[in-house]
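Scroll down for the structure; my scribbles are underneath it.
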Amino acid sequence: MPHHVPLSTDVFDVMHTMRAMRRLKPDPVPDELVFKILAAGQAAASGGNTQRWRFLVLKDAVAKKKAVQAYYKRLYDEVLGPRYATSAPPPGSNPAAYARQHDAVKYLTDHYHEAPVWIVACLEGDNPNYTAGSSIYPAVQNMLLAARALGLGSTLTTRHTGYGKECDEAMGIPAGYKSYAILPIGWPMGNFGPLGRGSLSDVVYLDDWGKPYPGI
Ligand SMILES: Cc1cc2nc3c(=O)[nH]c(=O)nc-3n(C[C@H](O)[C@H](O)[C@H](O)COP(=O)(O)O)c2cc1C
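Residue numbers for the sequence shown, in the working numbering: 264 to 479.
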């Protein structure tokens, strides 16, 4: 493992520095680290402990990654690019930071397939709904946290679901399963660091909707 990567096992430090890392080196990632990330995913909760997840890891399946990247890029051109170009910066951001985010989103769009490891988080069932989503995204978040703790960069991506059927077919995901997220994983080019978020008091209420929580 490269020594310049700041490792952390403090869960609060990990959460508060886990930026979307969209610029990744193509260098290989040792399998032992991928296994740790996958085990963290499997440790997550699922409704009724049903564990209907499957984690498809794409390493050398370059043609599959490339096929999905083509749809991912198409969705950028059709939806994401225009949206970024016309929408206002989100809470805790500003025009310059938002422009940097847009650049990084564009970069990942062009280099998606070059990430050395993809973890495709899949769930059994044909009915994506609240329960389904909440039985797979905790595993996804656990894997992102584990990657960050190991010094590996990633981003939660779901854009491919805009062409979900086509992408699942391209990845060889059988009928009866759906992909819910793709985590492109690799050694980051940039640094982990503080996140752009709005102020906590804007989104938390105490006892009555809209009532501030004093002291927050
Ligand atoms: C449901 C969901 C879907 C996302 N899909 C994508 C995606 O397809 N591509 C991408 O680059 N980022 C995607 N993101 C990452 C968000 O854009 C990112 O979390 C947000 O910009 C905050 O970034 P930060 O944590 O670095 O501040 C997604 C995040 C979530 C929660």
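Glycine residues also receive a C-beta, built at the ideal position from the N, C-alpha and C atoms.
CB-CB length for residue i against residue j, believed under 8 Å
i: L287; j: A412; result: Not a contact, Cβ separation roughly 17 Å.
i: A308; j: P401; result: 5 Å
i: Y393; j: H365; result: Not quite, the Cβ-Cβ distance comes to about 30 Å (not below 8 Å), so this is no contact.
i: S398; j: T313; result: 7 Å
i: G461; j: G355; result: 5 Å
8 Å CB neighbourhood of residue i in its chain, flanking five on each side removed
i: S442; result: L319, V383, A384, C385, H423, T424, G427, C430, D431, M434, I436
i: W450; result: P265, V268, L287, K288, D290, V292, G414, L415, G416
i: M255; result: What the structure shows of the chain is the stretch from 264 to 479, and residue 255 is not part of that stretch, so it cannot be assessed.
i: G304; result: W316, F318, I382, A384, A402, V403, N405, M406, A409
Helix, strand or coil at residue i according to DSSP, with G and I counted as helix
i: L386; result: strand
i: V274; result: helix
i: S462; result: coil
Own chain residues within Cβ distance below 7 Å of residue i, not counting five before or after
i: K329; result: H376
i: E387; result: R315, G439, Y440
i: A378; result: L287, P447, I448, G449
i: R285; result: A367, V368, Y370, L371, T418
i: Y395; result: Looking at the sequence provided, one finds Ala at residue 395 rather than Tyr. Cβ within range, chain order: L386, G388.
i: V467; result: Y476, I479
Cβ-based neighbour list, residue i, same chain, cut-off 6 Å, excluding 5 preceding and 5 following
i: A410; result: I300, S417, I448
i: V272; result: Checking the displayed sequence, the identity of residue 272 turns out to be Thr instead of Val. Taken in chain order, the residues that qualify are A412.
Can you check the stretch 282–367 for any beta strand (DSSP E) of at least 3 residues that lies completely inside it and give the ranges in chain order?
For the stretch 282–367, whole beta strand (DSSP E) runs of length 3 or above, ordered along the chain, are 316–321.
Below 8 Å, how does it come out for the stretch 325–345 and the stretch 296–304: are there three or more Cβ pairs, yes or no?
As far as the Cβ criterion goes, the stretch 325–345 does not touch the stretch 296–304, which means the pair count is below three.
Go through the stretch 397–460 residue by residue and report every complete run of the beta strand (DSSP E) that reaches 3 residues or more, in order.
Listed in chain order, the beta strand (DSSP E) elements of length 3 or more contained wholly in the stretch 397–460 are 440–448.
Is it the case that the stretch 317–333 contacts the stretch 375–382, given that we only count it when at least three CB pairs across the two stretches are under 8 Å?
The answer is yes - the stretch 317–333 touches the stretch 375–382, with three or more Cβ pairs under 8 Å.
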